[in-house]
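Student: Chains as they are written, first to last, in the working numbering: chain A, 16 to 88; chain B, 571 to 930; chain C, 525 to 777. We put the CB at the ideal spot given by N, CA and C, even for glycine.
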Amino acid sequence: MALRGAIVVDTERCKGCGVCVVNCPTQTIALSKEVNSKGYNFLYMENPENCTGCTNCATVCPDAVITVYRVKI
Amino acid sequence: MAEKVLMKGNEAIAYAAINCGCDGYFGYPITPQSEVMETLMKEKPWETTGMVVLQAESETSSINMVYGGACCGKKVMTSSSSPGISLMCEGLSYLAGAELPCLVVNVMRGGPGLGTIQPSQGDYYQATKAGGHGDYRMIVLAPASAQDMYDFVDLGFELAFKYRIPAMILGDGVIGQMMEKVEIRPAKARRTEEEIRALCDSWATIGKPAHRGGNTITSLALEADVQERHNIHLQKKYAEIEANEARYSTYKTEDAEHLIVAFGCMSRIGEAVVDYAREQGYKVGLLRPITLFPYPTAAVEALIPQLKSIMSVELNAGQMVSDLKVIANGRVPVNFYGRQGGMIPDPEEVFEAFVKSINK
Amino acid sequence: MDIKDIIKPENKVYGKTPVLKDAVLHYCPGCSHGVVHKLIAEVIEEMGIQDKTIGVSPVGCSVFAYNYLDIDWQQAAHGRAPALATATKRLMPDKYVFTYQGDGDLASIGTAEIMHACNRGENIVVIFINNAIYGMTGGQMAPTTLLGQVTATTPYGRRADLNGYPMKITELIAQLEGTCYVTRQSVQNPASVRRTKKAIRKAFENSMMNKGTSFVEVVSTCNSGWKTTPVKANKWMEENMFPFYPLGDMKDR
Chain A
16 MALRGAIVVD
26 TERCKGCGVC
36 VVNCPTQTIA
46 LSKEVNSKGY
56 NFLYMENPEN
66 CTGCTNCATV
76 CPDAVITVYR
86 VKI
Chain B
571 MAEKVLMKGN
581 EAIAYAAINC
591 GCDGYFGYPI
601 TPQSEVMETL
611 MKEKPWETTG
621 MVVLQAESET
631 SSINMVYGGA
641 CCGKKVMTSS
651 SSPGISLMCE
661 GLSYLAGAEL
671 PCLVVNVMRG
681 GPGLGTIQPS
691 QGDYYQATKA
701 GGHGDYRMIV
711 LAPASAQDMY
721 DFVDLGFELA
731 FKYRIPAMIL
741 GDGVIGQMME
751 KVEIRPAKAR
761 RTEEEIRALC
771 DSWATIGKPA
781 HRGGNTITSL
791 ALEADVQERH
801 NIHLQKKYAE
811 IEANEARYST
821 YKTEDAEHLI
831 VAFGCMSRIG
841 EAVVDYAREQ
851 GYKVGLLRPI
861 TLFPYPTAAV
871 EALIPQLKSI
881 MSVELNAGQM
891 VSDLKVIANG
901 RVPVNFYGRQ
911 GGMIPDPEEV
921 FEAFVKSINK
Chain C
525 MDIKDIIKPE
535 NKVYGKTPVL
545 KDAVLHYCPG
555 CSHGVVHKLI
565 AEVIEEMGIQ
575 DKTIGVSPVG
585 CSVFAYNYLD
595 IDWQQAAHGR
605 APALATATKR
615 LMPDKYVFTY
625 QGDGDLASIG
635 TAEIMHACNR
645 GENIVVIFIN
655 NAIYGMTGGQ
665 MAPTTLLGQV
675 TATTPYGRRA
685 DLNGYPMKIT
695 ELIAQLEGTC
705 YVTRQSVQNP
715 ASVRRTKKAI
725 RKAFENSMMN
735 KGTSFVEVVS
745 TCNSGWKTTP
755 VKANKWMEEN
765 MFPFYPLGDM
775 KDR
């Protein structure tokens, strides 16, 4: 059994601090080149196929902008 | 016949608190008012009415415990004397800014600094003009007897909750230490949780029910326009209090040509001065402000047409006299006689000062 | 498998708790305050005590904590939160009452209030954010600022002879008979966040058991005040703060 995950980022509330990026064990996420209306490089899934839905990114997020989904396949 | 009990003014505060359904007292010992907390501790109201009594680590902490309790819609109070009240002024400013009801008793002693433990009225300005920072007022009641000390506890809470404002009983060492007969009033039960929720749910921090968002009690407003709106709201409230809540008594003012104005213990000496002066042929009357904020301005104003002079008699260097000068506005001479440092004048001494003041 | 098939309500495993309001936090990017706010909100949700919890916010960056957690809040004068909480808990013993205080608020101007509330064993929760600096006023020295640490008021680094020593206030608190649970945690990675959440939950549970005061220090970052990035701040904290402020339970009874 494998786990597949995905995240949804509230990009307008994301401040691009990057704490989640260094805590992602599967190199799924990165900060975008684009910015939101506040000028922050927000979080996105650079390699979505890597995501296992481990919730580490959301756990360390200070702004609670990440929602995590997971399925067993 | 209501029961009458001989007690000190300070003890009257404690018994009245228990009797009128006070929820909590938080204080720190200081002469000349330590009997308030001592009496409460001896009476153990937590075993009867459920009232909380706690000796705090400082006056700063006491007033902030009062702040916390007031946030919960509870009838909470503290008591202290002048130096301790100075420490509480930060908290009083926050209470006023956050529009919280509470009762603070100041049994005044001489200052400045550590001063003396003898009676004084040197905190008139501090009490009536706001001792802490910012434009705020408190309701200030000036007791002249142990019975007043007793009755003003309930009255203070009534007014504090009516306007969501700190109320102060501004007594002094004479009234606090003096023993008199006090009539015990019918007891009031402490408010139930349901009653508090019905009365205070729109603002108090009593737990957020599902039907409303969280209440926040704060005195902070970072935006200037928000703060100004709040200030204007507060001033409106103070004006309403000035229009509705001024209290005073008079003694032989009907035909008076000269008016002595005195509050607290000095009003009792003032009555003796009036009688003595009348024996000597002077038509003197007394006006005793019972509320110092709101000041009984209209009552003084109404007497001015018949007056040749006003004399303010205070246990300080002359504080209330400045309010009387504003009211008189040059129409009548306003004189002053006072003693300081814990000294108390006798009626003859005040009479001599009065005679001198009208012949100068 | 398509992402659309994963992102479905029934597959959701982590999201923002409704106890947190929708307001955007005013904190700087990467600030530890946000994580701790979130953990308190999650504990309140999981314990089902949103209607029974009263928070007391301090003076400092977290003065606005009341904008983020949807509970009843009191905002205290600088350092006085434990006095407010004392009265609140004593007058409403069936409520969960916590203070949320920074190092300037708790360990400098409010030392008397925190010491005596803890010594009386008030049945409250104290959340203590130690980031070794004054954040809101622009990065001045805090009582917990490390020796050598550069701040706006120690521009050449904190010196013991000039500025005194960093205060290990949590160790002092642990000595007081009134405390039942004293712990020091952090929130820089998933494991530490989960440990801190457990600590906060235990502290809230303790407050209904008449055991005394529960005190949770969270060694935190202030990357703006420290003049570094959020990720580097976490590293600096691990290398410099943890040796002086070691993590773990100091007392649990």
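Can the beta-carbon of C/W597 be found less than 9 Å from the beta-carbon of B/G784?
Tutor: The sequence position of residue 597 of chain C within the third sequence is 73, counting from 1. The sequence position of residue 784 of chain B within the second sequence is 214, counting from 1. Yes; because the gap between Cβ atoms is below 9 Å, this pair is in contact.
Student: Along the chain, where does the beta strand (DSSP E) that runs through B/C770 open and close?
Tutor: Position 200 of the second sequence, counted from the first residue, corresponds to residue 770 of chain B. No beta strand (DSSP E) holds B/C770; the alpha helix (DSSP H) holding it covers 763-770.
Student: Considering only their Cβ atoms, is the gap separating B/M678 from B/S649 smaller than 9 Å?
Tutor: Here residue 649 of chain B refers to the residue found at position 79 when the second sequence is read from its first residue. Here residue 678 of chain B refers to the residue found at position 108 when the second sequence is read from its first residue. Going by beta carbons, B/S649 and B/M678 fall outside the 9 Å limit.
Student: Can we say the segment 746-759 of chain C touches the segment 29-43 of chain A, given the rule of at least three CB pairs closer than 8 Å?
Tutor: yes
Student: What's the C-alpha gap between C/A631 and B/S715?
Tutor: Position 107 of the third sequence, counting from 1, holds the residue named residue 631 of chain C. Position 145 of the second sequence, counting from 1, holds the residue named residue 715 of chain B. So the two alpha carbons sit approximately 44 Å from each other.
Student: First and last residue of the beta strand (DSSP E) that includes C/P553?
Tutor: Position 29 of the third sequence, counting from 1, holds the residue named residue 553 of chain C. Note, C/P553: premise wrong, no beta strand (DSSP E); not H, not E.
Student: Would you mind stating whether B/G704 and B/I655 have Cβ atoms separated by less than 9 Å?
Tutor: Residue mapping note: residue 704 of chain B aligns to position 134 of the second sequence, counting from 1. Residue mapping note: residue 655 of chain B aligns to position 85 of the second sequence, counting from 1. Not closer than 9 Å, so no.
Student: Can you tell me whether C/L544 is buried or exposed, with buried defined as 16 or more other CB within 10 angstroms of its CB?
Tutor: Here residue 544 of chain C refers to the residue found at position 20 when the third sequence is read from its first residue. So C/L544 counts as buried.
Student: State the CB to CB distance for the pair B/V891 and B/A898, rounded to an integer number of angstroms; the pair is presumed to be in contact (CB under 8 Å).
Tutor: On the second sequence, residue 891 of chain B is found 321 positions in, with the first residue counted as 1. On the second sequence, residue 898 of chain B is found 328 positions in, with the first residue counted as 1. So it is not a contact: roughly 10 Å between Cβ atoms.
Student: Pull up the distance between the alpha-carbon of B/V674 and that of B/I739, whole angstroms please.
Tutor: For the purposes of this step, residue 674 of chain B is identified with residue 104 of the second sequence, where counting begins at 1. For the purposes of this step, residue 739 of chain B is identified with residue 169 of the second sequence, where counting begins at 1. The straight-line gap from Cα to Cα measures roughly 6 Å.
Student: Sort B/G591, B/E608, B/I588 by Cα distance to B/G597 and report the nearest one.
Tutor: In the second sequence, counting from the first residue as 1, residue 597 of chain B sits at position 27. That would be B/E608, whose Cα lies nearest to the Cα of B/G597.
Student: Check the C-beta distance from B/R858 over to B/A842 and give it rounded, since I have them as a contact under 8 Å.
Tutor: Against the second sequence, residue 858 of chain B aligns to sequence position 288. Against the second sequence, residue 842 of chain B aligns to sequence position 272. In fact, because the Cβ distance is near 13 Å, the residues do not count as touching under 8 Å.
Student: What three-state label does DSSP hand B/F1006 in the structure shown?
Tutor: Residue 1006 of chain B is absent from the structure shown; chain B starts at 571 and stops at 930.
Student: Go to B/Y695, then tell me how far its alpha helix (DSSP H) extends in each direction, as first and last residue.
Tutor: Taking the second sequence and counting its residues from 1, one reaches residue 695 of chain B at position 125. Counting along the chain, the alpha helix (DSSP H) containing B/Y695 begins and ends at 694-698.
Student: Rounding to the nearest angstrom, what Cα-Cα distance links C/I531 and A/Y84 in this structure?
Tutor: Residue mapping note: residue 531 of chain C aligns to position 7 of the third sequence, counting from 1. Residue mapping note: residue 84 of chain A aligns to position 69 of the first sequence, counting from 1. Computed Cα separation, rounded: 6 Å.
Student: Using a Cβ-Cβ cut-off of 6 Å (strictly less than) and excluding sequence neighbours within five positions of B/E827, which residues of its own chain qualify?
Tutor: In the second sequence, the residue the question calls residue 827 of chain B occupies position 257. Hits under 6 Å: K853, K878.
Student: Report the residues of the segment 23-53 of chain A with a CB closer than 7 Å to any CB of chain C, ordered along the chain.
Tutor: V23, R28, K30, G31, C32, G33, V34, V37, N38
Student: Within the segment 867-897 of chain B, note down every full beta strand (DSSP E) run reaching 3 residues or more, in order along the chain.
Tutor: 879-884
Student: What residue from C/D594, C/R644, C/E695, C/Q673 has the CA that sits closest to C/G779's CA?
Tutor: With chain C represented from 525 up to 777, any question about residue 779 of chain C goes unanswered, as that position is not in the structure.
Student: So if DSSP puts C/D596 in a beta bridge, which residue, or which two residues, is it bridged to?
Tutor: Position 72 of the third sequence, counted from the start, is the residue given in the question as residue 596 of chain C. In DSSP, C/D596 forms a bridge with C/I578.
Student: Apart from the five residues just before and just after A/V36, which ones in its own chain have a Cβ nearer than 7 Å to its Cβ?
Tutor: One-based indexing of the first sequence puts residue 36 of chain A at position 21. Closer than 7 Å at the Cβ level, and outside the excluded window around A/V36, lie I44, A45, L46.
Student: At the 9 Å Cβ level, is C/E637 part of the contact set with chain B, yes or no?
Tutor: If you number the third sequence from 1, residue 637 of chain C lands on position 113. It does; some Cβ of chain B falls within 9 Å.
Student: Should C/K619 be flagged as near chain B, meaning a C-beta pair shorter than 9 Å?
Tutor: Position 95 of the third sequence holds residue 619 of chain C. So, interface residue.
Student: Pick helix, strand or coil for B/S679, following the three-state DSSP scheme.
Tutor: For the purposes of this step, residue 679 of chain B is taken as the residue at position 109 of the second sequence. It is worth fixing the name first, because residue 679 of chain B is Arg in this sequence and not Ser. DSSP places B/R679 in strand when its eight states are reduced to three.
Student: Would you say A/C69 and C/K562 are within 9 Å of each other, going by their C-beta atoms?
Tutor: Locating residue 69 of chain A in the first sequence gives position 54, where the first residue counts as 1. Locating residue 562 of chain C in the third sequence gives position 38, where the first residue counts as 1. Cβ atoms of A/C69 and C/K562: not closer than 9 Å.
Student: By how many angstroms is the C-alpha of C/E637 removed from the C-alpha of B/E627?
Tutor: Along the second sequence, read from residue 1 onward, the residue named residue 627 of chain B stands at position 57. Along the third sequence, read from residue 1 onward, the residue named residue 637 of chain C stands at position 113. If I take the Cα positions, the gap works out to 8 Å.
Student: How about B/S789 and B/S631: are their beta carbons less than 9 Å apart?
Tutor: What you label residue 789 of chain B is simply residue 219 of the second sequence in a count that begins at 1. What you label residue 631 of chain B is simply residue 61 of the second sequence in a count that begins at 1. In this structure, B/S631 does not lie closer than 9 Å to B/S789 by Cβ.
Student: When you check each C-beta in the segment 591-615 of chain B against every C-beta of chain F, which residues fall closer than 7 Å?
Tutor: Among the protein chains of the structure shown, namely A, B and C, there is no chain F.
Student: Near B/Q797, which residues of its chain fall below 7 Å by C-beta distance, leaving aside the five closest residues on each side in sequence?
Tutor: Here residue 797 of chain B refers to the residue found at position 227 when the second sequence is read from its first residue. Closer than 7 Å at the Cβ level, and outside the excluded window around B/Q797, lie A791.
Student: Assuming C/R682 and C/T668 are in contact, meaning their beta carbons sit under 8 Å apart, how far apart are those beta carbons, in whole angstroms?
Tutor: Taking the third sequence and counting its residues from 1, one reaches residue 682 of chain C at position 158. Taking the third sequence and counting its residues from 1, one reaches residue 668 of chain C at position 144. Incorrect: roughly 10 Å between the Cβ atoms, too far for contact.
Student: At the level of alpha carbons, what is the spacing between C/N647 and C/D618?
Tutor: Counted from its first residue, the third sequence places residue 647 of chain C at position 123. Counted from its first residue, the third sequence places residue 618 of chain C at position 94. Near 11 Å, if we compare the C-alpha coordinates of C/D618 and C/N647.
Student: My assumption, with CB atoms under 8 Å, is that C/C642 sits in contact with C/L549. Please give the rounded CB distance.
Tutor: Indexing the third sequence from 1 puts residue 642 of chain C at position 118. Indexing the third sequence from 1 puts residue 549 of chain C at position 25. That belief does not hold up - the Cβ atoms of C/C642 and C/L549 are roughly 29 Å apart, past 8 Å.
Student: Near B/A537, which residues of its chain fall below 6 Å by C-beta distance, leaving aside the five closest residues on each side in sequence?
Tutor: Chain B is shown only over 571 to 930; residue 537 of chain B falls outside these bounds and no answer can be derived.
Student: Can you list, in chain order, the residues of its chain with a C-beta nearer than 8 Å to that of C/D629? Leave out the 5 residues immediately preceding and following it.
Tutor: Numbered from its first residue, the third sequence carries residue 629 of chain C at position 105. Same-chain partners within the cutoff: P582, V583, G584, H602, G603, A605.
Student: Starting from the Cα of C/E695, find the closest Cα among C/F739, C/D529, C/E569 and give me that residue.
Tutor: Reading the third sequence from its first residue, position 171 is the one you call residue 695 of chain C. That would be C/F739, whose Cα lies nearest to the Cα of C/E695.
Student: So which residues on chain C does A/N71 lean against when the C-beta distance must stay under 7 Å?
Tutor: Taking the first residue of the first sequence as 1, we reach residue 71 of chain A at position 56. The contact set of A/N71 on chain C, defined by CB atoms closer than 7 Å, consists of P714 in chain order.
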